[in-house]
Structure formats: C-alpha cells, structure tokens
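Residue numbers (my numbering), protein chains in the order written: chain A, 28 to 441; chain B, 889 to 1345. What follows is a short report on a single structure.
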C-alpha cells in the first residue's frame, strides 16, 4: 500500500485520534478503558494491517467487544468509517480464529430460509417441552430462558397473503421487508404494520423470496452466506412501481439502506440496483411520520392508554430518525421521554449473548431510566433491544414492551 | 518489560483486573491525539490515592517511569510514555466527591470527565467554566495537567483560575495537600497552581478542589462573516479594546470554514474569508446592549453577513461547526500539525498575516482558527509525515511560526501544553536561567526523574 497516494484506504489514516468517539461509545463509557474504544480498535486494526501486531484470539476479542451500533461512525468529525472497518476486521478474525459453535450455528441457520423455519419449529417444540422450572433457572446472557419471547406459532409470512389491498382509497404500493424477528418471533409487529399501512391507504406487497438481511452473518465472518442472501433480497425488492420499501427492524433497515450498496461496491459488483433500492428504504415509523395526516387515531382510546415512553435503537438513530418525533407529534397520547432515551441498551445483535456482564449493566441503566418516567408501556422498534430489555424486566417493574407499530395500530379509529 | 517481581508487587496493589500488559492492550495506551507514539510496559488503573501512593513507592524504588493518563485527548503528547514504564490511567478513579454551591466549590477525583461535572452542576444552576474542545471526554486530571482552556476562557479564565486546592502523590509516594476550599487563600505558596500545566512531571494529582460559578442568566450568540481576514482580526481587537468582554470570540478562516462545510454541511458561508463566532452572557439587558455594540463594531469593520442565533438549537449548530474544526482537518491529509501559539490580542491581525506569509513561502496549506479574543491561535497544518520533502517544509514553517509569535511578545502554548511537540522551542520564550529554575523544581520533587520523563523539563 502506498502511504502517500491513497491514505484513505487505511483505517487509521483519516483518524486524528481526537478521542471524540470515546464520549459516544456505549461500551467505552461503561468500561472507561481505551482498549474498548472505537479509536483503539482503529489503531489495533492499523497495527495488525501493518504487521506491527500479530493476529491473536485476544485481538479478536477486543475487536468483537463492540455493539456495532455505529454511533462512533455517525459522530466522527474526521469521517472515519469505523463500522465498515470493524466489519472487515471481524470477518478476518473469524476466519483466523473461528467463532463460538453457537454463533457459527446462527450463521448457518440464517443463511437458508428452510433451515431457519425448521429450527424455529424445533425451538418452538423445545420451548413447550422444557419444564418451567428449568426455564427459570437457565439463563442466556443473564436472561432467564422463560423471559425469552415465545416463537410465532407459524412464520408470519406463511400466514399472510403476498399482497394486501389498501383500506379505502389506494395511495400507492409499498414493499414490506419483514425481517427474521417479525417472521419468527414478533408476528404481532407484522400484523400491526399491515393494519397501519393499509389503513393509511397503502397496498402492501410482501415478496416471498425475501430472506435474512445477512447482517448477523457479516458480523461473524459469513461472507459467502451473506452474499447469497443479499443478492436474493435485491432481486425480489427490485420493483419499480412501489412508493417505498418498509422495514420494521432498524438493523435490517440499515442493511438495506447502507450496507447493501456499500457491499456490492466492495465486491466490485454492479451497485445500481442496490442504490435504487436504498433510496426507497424507510423505517416504518418515519414513513408514517411523513404521512401523519393520514393516521387516524382514536383520541379517546389514546387518552386511556396511560403514559408511554420510548427507547431509540442505535441503528435507527444512526441510519434513520427515531420514532420519538412521531410520538411527540401525537398530542393525544401521554408520551414521557426518558432522559436517556437515546442511550444504547447493550443488545447489539449477539453482543448481549457474548458479553452478558457489559450488556446487563447497560440494560439495567436503561430500565432505571424508563422507570423514572412512570410509564407502564415502553416502546422500541428493534427486536434485539426488546429481547434484551424485556428479558431483564421483572413483574415488579410493571412495564410492558412493544413495537410502536403495535401501540399505534391499537389506537386506530375504526 | 517490567520484571516479574515488580509486576507481582504492582498486581498485589490493584489486582489483575486493573493491570494490563498484553501487547494488544499496550498498543492502546501508546498514543494521544498528537503524532508521537511510544509503548508502555504496563498500564495500571488506580482507584484510590493510597493505591497511587503504593504504586509510586514501587516505581521509585525500581526507578520505573510513570506517565499519567486521563482520556488521552492531549494534543501535545503529554501522556505518551516516551520512556516506556508504567502508564497510570486515571479514567476509573472518577467519583465526584462533593458539590457545594453555597461555598462555590466541587471536589472531584482526577478521572471525572469535564462534561460529567457540568451535568452534576447543572441542577444547581452552576457550571465549571473551562471548556476544552474535548469537554465530553477529557478528564479533570488531564485538564489540570495541561492547564486546559477553551473558547469561553476569554471571559472566565483557564483551569488554573479554578483550582482552589488539590491532593497530590509525590514521586516518593508521599501524599501532600495544597490549598483549601476557600476562594481566598494566601496561606503559603500557591502550589496547586504549580501543578496546573505540569503535565504529570511533578506528581500525581488524586483529588482536586475546583471553584465553580453560577450560570449566567442568558447568552446571545452571533456568527459574522467578512470579506477580508484582516478585517476579521481587526474587529476582534477593536471589540475587546472598547471594553466589551464576550464569553468567546472564535475566528475561522476560509480554509477552515470550507473544511467544516465539506464534512457536515452546516450552512456556513463558503466564500467568506473570515468569520467570527461571538457570544456574550450575563443579565438579559446587558447582553442585549453588548450585542448591539458588537454588531455596530463588526459593521464598521465591513461585516458581510450577521447571523444571530434565535433558538438554543441555532446556537448549538453554530457551536457544533466550531467544535468540529479540529476533527475535520484530519480528513484532508493523513497527519495534522496543530499549533497553539498565543499573542496579545492587538497583535492578532499581524500574527495572522505572518502565519499566512510563512506558509505561503513554504508552499504549505494552513487553516487558521483562533480563540481570537484572547489571542490564542490554532493554525492547523494538514500534511503527510511520510512525504519527507513536504514534512521538512512543514516543520520549518512550524518553527518559524513560533519565532514570529515570540517576536510579537507571544508564547508557545495558550492551552494545549508543551509535551513532546513543542519542547524544542521552549528557549524561544524562556531563557536559560528561567528554564534552569524549572529544572531545579523538578529535581527537588522528583530526584530520580521517574515522573513523565522525556518531556519539556
């Protein structure tokens, strides 16, 4: 690599080491150790690339101790793309040092829709046969098994038609990327999304060939698996007659919006299709916000729901605009904003499973923040945030969690 | 490498969790925000004054260098362990021990982040005035060690003006206390002032008593642009000379404005040759009168646009632009050389002319931003260290800028410190006997030269 001509290719070259990323990195703020910071990771990657630091399992550990929330990238004054450099380095490290068997298993499952369906069926069976006492006792990432969400009886996409007409006058067609979470875990989010979109005058099309957005695989080095998924998704979402491509999960959303075009370019493939799709991708709540005059809320019903609060997922705040603005706009609801609504919850894909101690501390801080608002309903768009936070709520907390879509769909005027 | 015997002694004090020496970890403590890097042999996170004392006793006995570190946002290399040894990282020793607004002080441990102290003071309608660009992450310990300033120090003064007292661990491990909780205190030497800007060469500060101030009732902020950089600088000296003391007067030249715009599209005027971000604070009526006079003055100096912040969001946007200035320069080239020269405010126009002349003569790019109201200037030079020919020119210009500042009764550093980056230029502003006096103090306090060796003293 020629240092003087192409400095932007090396991760550290644009980094002025100013340290502003230390202030916004949730992991660094908790641990207060330089090695946990985005700045340090960039320096480590640079040292590794220049053969100043050998590859080691501990290097992998330091690189992976990251939520991949992208907040460093979003706040870097020097334009360092930490997120992409971390993604590349994680792949490199996974190649050299492997991954935990469970993580490998996850990559394997997400790579093929049939595998996922089969596994979900088995897990569903598993959830029903494991005695309750064991479910309370055994924990994943400090979360008792019985606090994990029940899987959908059937995958969401298998129980809804491929195309659902608008109610009333049709304003346009939207495509719906359901994501794995809605398909296998939170089908209520999917049904609520359909209710909202059709009520607002949109015909919803759910391409049946869609599959996992591939972000979890990219985090864990499953590049080949990811490539197939990305290409398959691009094929079935490449439809010119649609007004928007809706996502209900911020991470899938950021994949479609930012990662797909970037990855196609990186693989030296034609990125035009990915770019065209990217411009149409929007998160559900932003889509509704932009058309909020069409959202007919039953104000009397809204007044009876009691105070609600909100957690802004990192991938939503770093790629789209969080839903607090919509909630604030709806004056008929009692929305109380938590002081730390924009802080990370510590979920971070598989982070909460890999680093339970760090994740638990962050989640408990968030729960304390939500409790201060007095709200009994805590809304958040991201399924991982929801698993991570609701798994640690106790009955005494008396707080329920939901996707904002579920809440709003329940308030629709009929 | 530290011997295994020393390592065992140190781990006995802080436990294994707070002792790092794997190569992957050491690499993360070899740098700050400047260009120099050097690996430590170990990194230790103390939590108490007693631990710091015990560590220094061992370091003294074995003559192991000890370099203090906070958040590592220094821009002069102060926390870079150039002689290796131990990096003593204070980031986890971060309790706010007491906030007492009736007596106008706060007592904090060195790892407390400046911004976190601000948050703790806000409910009482108080604040801590020094506001370095790194306010959201830099620590009070680091602020003290570098005697940090910031934009609003024009009106309020720098760190040393807010340090009432401190607890310090000397190289020997002895624990001493200077000053008190009293705003007025002339009991003995003002030794806590000596430690401000000492860059960890005299002792380890483990507790600081800081003066805090009531928040002003209101602020008024305005962004003014000019068609000439000369006019911009003249306006500054004229406003200050007329008896108005704004909180901040931030000057940016065309190069800086455009670098910020390239990075963030904040809506600054790209064709302006110079701009001033001016803020006044205080009682509503007096702010209005001061702002009216400022606007009158800038008009006299040919202001092209005058944009007043109408809402707090407007104000944040104007300040966000200014705060990004340093970072955005890193986008332009692999390395960035930042100066921190300070001249009497009446000399600012002349100093700016000289900087531009020097840089033009050496054919190098320079962006000028300055806390112009107190003459504290940050010429930023984006360059590439690996381009030997260019770098030689840059270093030459760097030295000539120092010489020019010294000739105008200026000084090397207004707020960043000397560290590694500027040590060689000290003779420009301090004669032999004066520097020898510093060395005498250093020798008396740290006879084995274990505290941050290899720096300016």
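Don't be surprised by glycine CBs; every beta carbon is placed ideally from N, CA and C. Here the structure is a predicted model, which means the values were calculated and not measured.
Presumed contact (8 Å Cβ cut-off) between residue i and residue j, rounded CB distance
i: residue 374/A; j: residue 414/A; result: 7 Å
i: residue 1025/B; j: residue 996/B; result: At roughly 15 Å, the Cβ-Cβ gap does not stay under 8 Å, so residue 1025/B and residue 996/B are not in contact.
i: residue 1056/B; j: residue 1094/B; result: 7 Å
i: residue 308/A; j: residue 274/A; result: 6 Å
i: residue 365/A; j: residue 396/A; result: 5 Å
i: residue 1052/B; j: residue 1097/B; result: 4 Å
i: residue 1128/B; j: residue 1233/B; result: 5 Å
i: residue 992/B; j: residue 1099/B; result: 6 Å
i: residue 219/A; j: residue 390/A; result: Their Cβ separation, rounded to whole angstroms, is 24 Å, which puts residue 219/A and residue 390/A out of contact at 8 Å.
i: residue 304/A; j: residue 261/A; result: 6 Å
i: residue 967/B; j: residue 960/B; result: 6 Å
i: residue 112/A; j: residue 72/A; result: 6 Å
i: residue 263/A; j: residue 234/A; result: 4 Å
i: residue 917/B; j: residue 925/B; result: Not quite, the Cβ-Cβ distance comes to about 10 Å (not below 8 Å), so this is no contact.
i: residue 206/A; j: residue 276/A; result: 4 Å
i: residue 1333/B; j: residue 1058/B; result: 6 Å
i: residue 65/A; j: residue 1212/B; result: Not quite, the Cβ-Cβ distance comes to about 17 Å (not below 8 Å), so this is no contact.
Residue interval of the alpha helix (DSSP H) (run including residue i)
i: residue 405/A; result: Residue 405/A -> not in any alpha helix (DSSP H); beta strand (DSSP E) instead, spanning 404-406.
i: residue 1346/B; result: Examination of residue 1346/B is not possible in this model, given that chain B is present from 889 through 1345 alone.
i: residue 914/B; result: 911-914
i: residue 75/A; result: 65-76
i: residue 1305/B; result: Premise fails: residue 1305/B is in no alpha helix (DSSP H) and is neither H nor E.
Candidates the options: closest to residue i by CA position
i: residue 247/A; options: 297/A, 240/A, 134/A; result: 134/A
i: residue 1270/B; options: 38/A, 39/A, 43/A; result: 43/A
i: residue 1313/B; options: 1229/B, 1200/B, 1236/B, 1012/B; result: 1229/B
i: residue 1336/B; options: 954/B, 1030/B, 932/B; result: 954/B
i: residue 1170/B; options: 1102/B, 897/B, 1268/B, 1137/B; result: 1102/B
i: residue 1196/B; options: 903/B, 1308/B, 1204/B; result: 1204/B
i: residue 1037/B; options: 1091/B, 893/B, 1084/B, 1293/B; result: 1084/B
i: residue 75/A; options: 97/A, 302/A, 120/A; result: 120/A
i: residue 338/A; options: 284/A, 394/A, 115/A, 291/A; result: 394/A
i: residue 1039/B; options: 986/B, 1157/B, 1167/B; result: 1167/B
i: residue 1132/B; options: 1007/B, 1185/B, 1082/B, 1344/B; result: 1185/B
i: residue 1339/B; options: 1048/B, 940/B, 898/B, 901/B; result: 940/B
i: residue 1068/B; options: 1050/B, 1061/B, 1060/B, 1062/B; result: 1050/B
i: residue 79/A; options: 911/B, 1146/B, 1115/B, 1088/B; result: 911/B
i: residue 40/A; options: 181/A, 306/A, 108/A, 174/A; result: 108/A
i: residue 1302/B; options: 1226/B, 1152/B, 1254/B, 937/B; result: 1226/B
Any non-hydrogen atom of the ligand GTP closer than 7 Å to residue i Cβ
i: residue 215/A; result: The ligand GTP is not part of this structure, which contains no ligands at all.
Where residue i meets chain B, residues with beta-carbon distance less than 7 Å
i: residue 61/A; result: 916, 917, 960
i: residue 50/A; result: 1024, 1025
i: residue 46/A; result: 921, 959, 960, 961, 1022, 1025
i: residue 111/A; result: Those do not exist, as residue 111/A stays about 16 Å from chain B at its closest Cβ, beyond 7 Å.
Amino acids of chain B, ordered along the chain, whose beta-carbon sits closer than 8 Å to that of residue i
i: residue 349/A; result: Chain B residues near residue 349/A: none, gap ~17 Å exceeds 8 Å.
i: residue 96/A; result: The premise fails here: residue 96/A is roughly 17 Å from chain B at the closest Cβ pair, so nothing lies under 8 Å.
i: residue 40/A; result: 1222
Contact list for residue i against chain A, beta-carbon separation under 7 Å
i: residue 910/B; result: 85
i: residue 913/B; result: 62
i: residue 1219/B; result: 41, 105, 106
Amino acids of chain A, ordered along the chain, whose beta-carbon sits closer than 8 Å to that of residue i
i: residue 1214/B; result: 43, 45, 104
First and last residue of the uninterrupted beta strand (DSSP E) at residue i
i: residue 1223/B; result: 1223-1226
i: residue 1166/B; result: 1162-1170
i: residue 309/A; result: 308-310
i: residue 984/B; result: 984-988
i: residue 981/B; result: No beta strand (DSSP E) contains residue 981/B, which DSSP labels as neither H nor E.
i: residue 1347/B; result: The displayed coordinates of chain B run from 889 to 1345. Any statement about residue 1347/B would go beyond what the structure contains.
i: residue 1111/B; result: 1106-1114
Contacts that residue i makes with chain A (C-beta to C-beta distance below 9 Å)
i: residue 1329/B; result: Going along chain A, no residue has its Cβ under 9 Å from residue 1329/B, so there is no contact; the nearest lies around 30 Å.
i: residue 1151/B; result: 104, 105, 106
Partner residues on chain B for residue i, Cβ-Cβ distance less than 9 Å
i: residue 89/A; result: 912, 913, 916
Please name the residues in the region 68-80 of chain A whose beta-carbon is closer than 7 Å to at least one beta-carbon of chain B, in chain order. Within the region 68-80 of chain A, the residues whose Cβ lies closer than 7 Å to some Cβ of chain B are 70, 71, 74, 80, listed in chain order.
Any residues in the region 967-995 of chain B with a beta carbon nearer than 8 Å to a beta carbon of chain A? Which ones, in chain order? Of all residues in the region 967-995 of chain B, 977, 979, 980, 982 have a Cβ within less than 8 Å of some Cβ in chain A.
Taking Cβ-Cβ distances below 8 Å as the criterion, which residues of the region 402-424 of chain A are in contact with chain B? Cβ contacts with chain B come from no residue of the region 402-424 of chain A.
Residues of the region 1225-1251 of chain B in Cβ contact with chain A at a cutoff of 7 Å, in chain order, please. Sequence-ordered contacts of the region 1225-1251 of chain B with chain A are nonexistent [C-beta pairs closer than 7 Å].
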